[in-house]
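J.: Chains as they are written, first to last, in my numbering: chain U, 26 to 353; chain E, 26 to 353.
Handing you this structure, nothing more for now.
2 protein chains.
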Amino acid sequence: MAATLKMIAKAGNVDVSTVSRALRDDPRVKAATRDTIKSLALEMGYKPNWAARSLVAGKTRTVWLLIPDIRNSTEQAPARHAASYLDNKYGYDLMVVLHQNDARIYHRIIEKLCQNAADGVIIVPRGSRNDQDFSPMLHGRGFPAVFMDRHPAKTKIPCVITDNFNACRKMVGMCADAGAKAVIDVSGCPGNNAAAARSRAVLFESRKRNMLHLHCDERYVVSSEWPKNIAVFATSQSAICNFIRTNSHLADGRDMLLACFDDWIGEPFPGKIALVAKQDFKTMSERACDLVMSMINGNGKKIPQGSRLKVPVESILTVDNTFQLAPG
Amino acid sequence: MAATLKMIAKAGNVDVSTVSRALRDDPRVKAATRDTIKSLALEMGYKPNWAARSLVAGKTRTVWLLIPDIRNSTEQAPARHAASYLDNKYGYDLMVVLHQNDARIYHRIIEKLCQNAADGVIIVPRGSRNDQDFSPMLHGRGFPAVFMDRHPAKTKIPCVITDNFNACRKMVGMCADAGAKAVIDVSGCPGNNAAAARSRAVLFESRKRNMLHLHCDERYVVSSEWPKNIAVFATSQSAICNFIRTNSHLADGRDMLLACFDDWIGEPFPGKIALVAKQDFKTMSERACDLVMSMINGNGKKIPQGSRLKVPVESILTVDNTFQLAPG
DNA sequence: CTGAAAGCGCTAACAC
DNA sequence: GTGTTAGCGCTTTCAG
Numbered sequence: 026m027a028a029t030l031k032m033i034a035k036a037g038n039v040d041v042s043t044v045s046r047a048l049r050d051d052p053r054v055k056a057a058t059r060d061t062i063k064s065l066a067l068e069m070g071y072k073p074n075w076a077a078r079s080l081v082a083g084k085t086r087t088v089w090l091l092i093p094d095i096r097n098s099t100e101q102a103p104a105r106h107a108a109s110y111l112d113n114k115y116g117y118d119l120m121v122v123l124h125q126n127d128a129r130i131y132h133r134i135i136e137k138l139c140q141n142a143a144d145g146v147i148i149v150p151r152g153s154r155n156d157q158d159f160s161p162m163l164h165g166r167g168f169p170a171v172f173m174d175r176h177p178a179k180t181k182i183p184c185v186i187t188d189n190f191n192a193c194r195k196m197v198g199m200c201a202d203a204g205a206k207a208v209i210d211v212s213g214c215p216g217n218n219a220a221a222a223r224s225r226a227v228l229f230e231s232r233k234r235n236m237l238h239l240h241c242d243e244r245y246v247v248s249s250e251w252p253k254n255i256a257v258f259a260t261s262q263s264a265i266c267n268f269i270r271t272n273s274h275l276a277d278g279r280d281m282l283l284a285c286f287d288d289w290i291g292e293p294f295p296g297k298i299a300l301v302a303k304q305d306f307k308t309m310s311e312r313a314c315d316l317v318m319s320m321i322n323g324n325g326k327k328i329p330q331g332s333r334l335k336v337p338v339e340s341i342l343t344v345d346n347t348f349q350l351a352p353g
Numbered sequence: 026m027a028a029t030l031k032m033i034a035k036a037g038n039v040d041v042s043t044v045s046r047a048l049r050d051d052p053r054v055k056a057a058t059r060d061t062i063k064s065l066a067l068e069m070g071y072k073p074n075w076a077a078r079s080l081v082a083g084k085t086r087t088v089w090l091l092i093p094d095i096r097n098s099t100e101q102a103p104a105r106h107a108a109s110y111l112d113n114k115y116g117y118d119l120m121v122v123l124h125q126n127d128a129r130i131y132h133r134i135i136e137k138l139c140q141n142a143a144d145g146v147i148i149v150p151r152g153s154r155n156d157q158d159f160s161p162m163l164h165g166r167g168f169p170a171v172f173m174d175r176h177p178a179k180t181k182i183p184c185v186i187t188d189n190f191n192a193c194r195k196m197v198g199m200c201a202d203a204g205a206k207a208v209i210d211v212s213g214c215p216g217n218n219a220a221a222a223r224s225r226a227v228l229f230e231s232r233k234r235n236m237l238h239l240h241c242d243e244r245y246v247v248s249s250e251w252p253k254n255i256a257v258f259a260t261s262q263s264a265i266c267n268f269i270r271t272n273s274h275l276a277d278g279r280d281m282l283l284a285c286f287d288d289w290i291g292e293p294f295p296g297k298i299a300l301v302a303k304q305d306f307k308t309m310s311e312r313a314c315d316l317v318m319s320m321i322n323g324n325g326k327k328i329p330q331g332s333r334l335k336v337p338v339e340s341i342l343t344v345d346n347t348f349q350l351a352p353g
């Protein structure tokens with residue numbers, strides 16, 4: 026049986042309220058009694074009961090970060106940043122909770138949130154439908170929730186996302202400056218808001234610059250009559266590689282530019298260079314935290330429904346073939 | 026303000042206890058009142074308060090699965106299996122919680138557990154020191170906890186692990202049967218109990234069979250005078266590949282057998298075949314769940330301190346070079 | 001400085 | 001069938 030305030034009170038011949046005050050360093054209790062009570066609590070192995078505290082406080086001082094899994098940096102980074110930011114700035118705990126993209130699990134977690142098992146939640150959804158189903162439950166009861174990185178199409182819950190549009194415009198511009206005359210967009214994934222914004226930007230900017238533009242999926246076979254200088258856009262390195270696998274003829278006698286988000290591992294093969302837009306997960310995490318916290322603390326009235334906060338990319342890296350370019 | 030029993034009671038002109046009973050389908054309440062109360066609760070968006078329920082029940086009906094991250098199947102599988110098993114057999118929820126191998130986060134989570142934020146925990150620790158520091162806190166207060174897959178050296182908390190010793194003995198035997206005359210063990214990682222057991226088994230069985238035996242780390246350079254048929258053992262494919270990278274001469278004119286755990290991706294290059302011991306994560310998860318649950322339900326007295334439950338591997342797969350072996 | 005008492009939201013004996 | 005009462009463990013007025 027775990028020690029309670031009552032038990033300590035009895036052991037120390039004082040009232041529970043005194044024990045409570047002593048343990049919370051209330052200046053009103055005499056130093057002597059505080060010390061005896063504290064040592065008593067220590068030797069009895071006292072720990073405050075979490076449920077009781079949450080009940081009386083009406084809050085848990087906890088925010089959940091709900092993510093599908095932790096395969097890549099896209100999900101690792103928010104976990105780290107949000108945890109320390111919430112702790113330092115708000116004295117809140119972050120609990121990273123996984124739903125593994127399983128609708129049942131996801132549902133149960135949302136249920137628990139509705140029961141106020143946490144004060145707020147930051148959600149990084151998968152592109153799938155699962156995520157859309159339940160977010161209205163949270164919004165309906167005014168539960169503090171924020172989507173990050175991705176989000177269901179027309180959710181009323183505020184979202185913190187990368188400014189994909191401007192990042193892609195910029196990358197198209199860089200490609201044009203480097204001589205590209207045509208753009209192939211393999212962003213694919215209809216229904217994913219991030220990919221959609223990226224595609225729109227690529228289309229917009231390439232038109233503006235009079236570049237040939239082709240939006241296609243990974244299996245599309247591009248005619249070999251296309252210009253010598255082309256740029257391939259996708260959301261990830263793997264998408265680019267998949268596309269090139271079925272279009273290996275493109276690399277023959279061409280200067281290819283590759284552009285994607287987050288990471289490029291290894292050489293920019295078969296391209297000349299690869300542009301990589303690094304998303305700013307630190308800023309995104311912090312803004313998401315600020316948003317949930319302001320909703321938790323009741324300033325939430327000011328958050329417009331369906332707000333979309335766009336965070337610029339941290340940088341656009343240029344990955345080139347260092348062996349070719351190395352002097353000598 | 027979220028709806029409470031009290032508010033529903035007032036709205037329905039009944040007592041809170043009646044509302045409570047009605048919502049839990051207590052047969053004592055009249056069907057009519059039950060229905061009105063239920064519809065009332067529905068339209069008011071009532072959800073039971075999690076903290077209050079946990080407080081009065083004295084338990085949370087929740088078990089945490091505490092893991093470093095979710096990079097590989099070693100951590101994915103337990104999450105899936107434990108979640109459904111706990112739900113189906115015990116009506117308990119599983120929450121997958123990440124500590125990201127960060128000592129601070131890990132500590133806070135253990136703290137929360139000590140405050141009974143969950144009824145029990147299954148821990149898959151990293152090989153690092155972080156994990157050992159805090160497990161005595163849990164054990165000291167009799168908090169239901171079980172280590173799975175790996176565990177700190179001499180912890181008193183029960184552990185569910187793979188029967189690494191017998192799996193490795195069997196694999197050594199298979200290698201011998203396939204003609205191997207020598208064994209190189211690259212299991213490395215001193216301090217990791219699983220790796221240690223595997224190494225012991227490889228030594229034991231290779232001695233018994235009069236095979237040459239060499240235990241070394243990845244950077245060790247093996248003399249080229251060794252027998253033609255050798256087997257390389259490690260805990261993972263990557264460890265084997267790292268070793269072979271610095272010992273590429275070994276592959277010349279030799280029939281190499283490779284043996285590791287969990288997965289082999291691609292061809293068994295540069296070996297002839299690769300043996301892969303598949304750990305039985307389903308059984309391990311289920312036994313771990315049964316253990317925590319028996320501790321939670323008070324039958325815990327029977328669990329001997331420092332118990333180690335060894336689960337046999339699911340199977341030992343043989344991965345061969347299908348191109349070479351394909352007929353024609 | 002400390003105790004008494006009320007209450008957080010919910011459940012469960014115990015009345016009637 | 002339903003209301004009354006007490007209590008889970010803790011915090012927080014309000015007295016004294």
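Where is the CB? At the ideal position from N, CA and C, for every residue including glycine.
All of these numbers come straight from a predicted model, not from anything done at the bench.
1. Hey, would you say serine 212(E) sits closer than 8 Å to serine 231(E), going by beta carbons?
2. What distance in whole Å lies between the Cβ atoms of lysine 31(U) and isoleucine 186(U), which are believed to be in contact at a cut-off of 8 Å?
3. Take proline 93(E) and list the residues in its own chain whose beta-carbon comes closer than 8 Å to its own, dropping the five residues that flank it on each side.
4. For the region 264 to 280 of chain E, which residues have a beta carbon sitting closer than 9 Å to at least one beta carbon of chain U?
5. Are the beta-carbon atoms of methionine 196(U) and leucine 283(U) separated by less than 8 Å?
6. What would DSSP say about alanine 27(E), mapped onto helix, strand or coil?
7. Quick one: measure Cβ to Cβ for phenylalanine 159(E) and histidine 132(E), integer angstroms, because I've assumed they're closer than 8 Å.
8. By DSSP's criteria, threonine 260(E) is part of a beta bridge. Which residues make up the other side?
9. Using 8 Å as the limit for Cβ to Cβ distance, is arginine 151(U) near chain E?
10. How many Å lie between arginine 49(U) and valine 39(U) at the Cα?
11. Using the Cα positions of valine 88(E) and alanine 259(E), report the straight-line distance between them to the nearest angstrom.
12. Please report whether the beta-carbon of tryptophan 251(E) lies at a distance below 8 Å from any beta-carbon of chain U.
13. Quick check: the Cα distance between tryptophan 75(U) and glycine 83(U), rounded to an integer number of angstroms?
14. Which ranges would you report for the beta strand (DSSP E) in the region 238 to 310 of chain U if only whole runs of at least 3 residues count?
15. In chain U, which residues lie with their C-beta within 8 Å of the C-beta of glycine 323(E)?
16. Among residues of its own chain, excluding the 5 on either side of tryptophan 289(E), which ones have a beta-carbon nearer than 8 Å to its beta-carbon?
17. Tell me, which residues are paired with phenylalanine 172(E) by DSSP?
18. Indicate whether the contact test is met: 3 or more Cβ pairs, each with one atom in the region 104 to 117 of chain E and one in the region 299 to 318 of chain E, closer than 8 Å.
19. If you draw a straight line from the alpha carbon of cysteine 139(U) to that of serine 340(E), how long is it in whole angstroms?
20. With DSSP as the reference, please indicate the residues paired to leucine 91(U) in a beta bridge.
21. Using a Cβ cut-off of 7 Å, pull out every chain E residue sitting near glutamine 140(U), in sequence order please.
22. Give the interface partners of arginine 105(U) over in chain E, defined as CB-CB distance under 7 Å, in chain order.
23. Within the 8 Å Cβ cut-off, does leucine 166(E) reach chain U?
24. Tell me which residue opens and which closes the alpha helix (DSSP H) that serine 212(U) is part of.
25. Among all the DSSP beta bridges, which residues are the ones paired with aspartate 202(U)?
26. With H, G and I counted as helix, E and B as strand and the rest as coil, what does DSSP make of glutamate 339(U)?
27. Which bits of chain U does arginine 133(E) rub up against, with CB to CB less than 8 Å?
28. Cβ of lysine 206(U) within 8 Å of Cβ of leucine 228(U)?
29. On the premise that serine 310(E) lies in contact with proline 73(E), defined as a C-beta separation below 8 Å, what is that separation, rounded to the nearest angstrom?
30. For aspartate 345(U), which three-state DSSP category applies?
31. Kindly say whether serine 224(U), judged by its beta-carbon, lies nearer than 8 Å to any beta-carbon of chain E.
32. Express the C-alpha separation of glycine 296(U) and glutamine 349(U) in angstroms, rounding to a whole number.
33. Which residues in the same chain as alanine 219(U) place their Cβ atom closer than 8 Å to its Cβ, once the five residues preceding and following it in sequence are excluded?
34. Could you spell out where the alpha helix (DSSP H) holding valine 227(U) opens and where it closes?
35. Relative to the C-alpha of phenylalanine 172(E), which candidate in Ala142(E), Gly323(E), Thr180(E) has its C-alpha closest?
36. Tell me whether arginine 312(U) sits in a helix, a strand or coil according to DSSP, three-state version.
T.: Let me lay it out:
1. Sequence index remark: in the second sequence, residue 212(E) carries index 187 (1-based). Sequence index remark: in the second sequence, residue 231(E) carries index 206 (1-based). No. Outside cutoff.
2. Counting from 1 along the first sequence, the entry for residue 186(U) is found at position 161. Counting from 1 along the first sequence, the entry for residue 31(U) is found at position 6. Distance from isoleucine 186(U) to lysine 31(U) at the Cβ level is roughly 50 Å; contact not present, criterion being Cβ atoms closer than 8 Å.
3. The residue you call residue 93(E) lines up with position 68 of the second sequence. Excluding positions up to five away in sequence, the list reads Glu100, Leu123, His124, Gln125, Asn126, Val149, Pro150, Arg151.
4. Listed by position along the chain: nothing, the set is empty.
5. For the purposes of this step, residue 196(U) is taken as the residue at position 171 of the first sequence. For the purposes of this step, residue 283(U) is taken as the residue at position 258 of the first sequence. The answer is no: Cβ separation not under 8 Å.
6. Position 2 of the second sequence, counting from 1, holds the residue named residue 27(E). If DSSP states are grouped into helix, strand and coil, alanine 27(E) belongs with coil.
7. As a first step, residue 159(E) must be located in the second sequence, where it is residue number 134. As a first step, residue 132(E) must be located in the second sequence, where it is residue number 107. With a Cβ gap of about 6 Å, phenylalanine 159(E) and histidine 132(E) count as contacting.
8. Locating residue 260(E) in the second sequence gives position 235, counting from the first residue. Its beta-bridge partners do not exist; DSSP assigns none.
9. In the first sequence, residue 151(U) corresponds to position 126, counting from 1. So no, arginine 151(U) is outside the interface.
10. Translated into positions along the first sequence, residue 49(U) becomes position 24. Translated into positions along the first sequence, residue 39(U) becomes position 14. For the pair arginine 49(U) and valine 39(U), the Cα-to-Cα distance works out to about 15 Å.
11. As a working mapping, residue 88(E) is identified with position 63 in the second sequence. As a working mapping, residue 259(E) is identified with position 234 in the second sequence. Going from the Cα of valine 88(E) to the Cα of alanine 259(E) covers about 33 Å.
12. What you label residue 251(E) is simply residue 226 of the second sequence in a count that begins at 1. Output row for tryptophan 251(E): interface = no.
13. In the first sequence, the residue the question calls residue 75(U) occupies position 50. In the first sequence, the residue the question calls residue 83(U) occupies position 58. Taking the straight line joining both Cα atoms gives about 12 Å.
14. Counting only runs of 3 or more residues that sit fully inside the region 238 to 310 of chain U, the beta strand (DSSP E) segments are 254 to 258, 280 to 286, 298 to 303, in chain order.
15. By 1-based counting over the second sequence, the position of residue 323(E) is 298. Residues of chain U passing the Cβ test: none, with the nearest at roughly 11 Å.
16. Taking the first residue of the second sequence as position 1, residue 289(E) is located at position 264. Within its own chain, the residues whose Cβ lies closer than 8 Å to the Cβ of tryptophan 289(E), once the five positions on either side in sequence are excluded, are Gln262, Leu283, Ala299, Val301, Leu342, Val344, listed in chain order.
17. For the purposes of this step, residue 172(E) is identified with residue 147 of the second sequence, where counting begins at 1. Per DSSP, Ile148(E), Cys184(E).
18. Look at the beta carbons and you see the region 104 to 117 of chain E touching the region 299 to 318 of chain E: at least three pairs across the two are nearer than 8 Å.
19. The residue you call residue 139(U) lines up with position 114 of the first sequence. The residue you call residue 340(E) lines up with position 315 of the second sequence. Roughly 43 Å between the two C-alpha positions.
20. Position 66 of the first sequence, counted from the first residue, corresponds to residue 91(U). According to DSSP, which records beta bridges pairwise, leucine 91(U) is partnered with Val122(U), Ile148(U).
21. As a working note, residue 140(U) is residue 115 in the first sequence. Contact note: glutamine 140(U) reaches chain E through Lys72, Pro73, Asn74, Trp75, using a C-beta cutoff of 7 Å and chain order.
22. Here residue 105(U) refers to the residue found at position 80 of the first sequence. Proximity of chain E to arginine 105(U) at the Cβ level (cut-off 7 Å) is accounted for by Gln125, in chain order.
23. One-based indexing of the second sequence puts residue 166(E) at position 141. The sequence shown places arginine at residue 166(E), not leucine. So yes, arginine 166(E) belongs to the interface.
24. As a first step, residue 212(U) is located in the first sequence; it is residue number 187 there, counting from the start. Neither: serine 212(U) is in no alpha helix (DSSP H) and is coded neither H nor E.
25. For this step, residue 202(U) is matched to residue 177 along the first sequence. BP columns for aspartate 202(U) are empty, so no partner.
26. The sequence position of residue 339(U) within the first sequence is 314, counting from 1. Coil, per DSSP.
27. Residue 133(E) sits at position 108 when you count from the first residue of the second sequence. Taking a Cβ-Cβ threshold of 8 Å, the residues of chain U close to arginine 133(E) are Asp118, in chain order.
28. Within the first sequence, residue 206(U) is the residue found at index 181, counting from 1. Within the first sequence, residue 228(U) is the residue found at index 203, counting from 1. Cβ atoms of lysine 206(U) and leucine 228(U): not closer than 8 Å.
29. In the second sequence, counting from the first residue as 1, residue 73(E) sits at position 48. In the second sequence, counting from the first residue as 1, residue 310(E) sits at position 285. The pair is not a contact, with the Cβ atoms about 29 Å apart (cut-off 8 Å).
30. Indexing the first sequence from 1 puts residue 345(U) at position 320. Secondary structure at aspartate 345(U): strand, using DSSP grouped into helix, strand and coil.
31. Position 199 of the first sequence holds residue 224(U). Between serine 224(U) and chain E, the shortest Cβ-Cβ separation is not below 8 Å.
32. Position 324 of the first sequence, counted from the start, is the residue given in the question as residue 349(U). Position 271 of the first sequence, counted from the start, is the residue given in the question as residue 296(U). Its pLDDT being 44, under 50, glutamine 349(U) is placed unreliably in this model, and the coordinates cannot settle the point.
33. Translated into positions along the first sequence, residue 219(U) becomes position 194. Residues of the same chain with a CB within less than 8 Å of the CB of alanine 219(U), apart from the 5 flanking positions on each side, are Asp174, Arg175, Ile186, Thr187, Asn189, Thr260 in chain order.
34. Against the first sequence, residue 227(U) aligns to sequence position 202. Segment 218 to 233, the alpha helix (DSSP H) holding valine 227(U).
35. To locate residue 172(E), count along the second sequence from 1; it is residue 147. The option with the nearest alpha carbon to phenylalanine 172(E) is Thr180(E).
36. Against the first sequence, residue 312(U) aligns to sequence position 287. Note: arginine 312(U) maps to helix in three-state DSSP.
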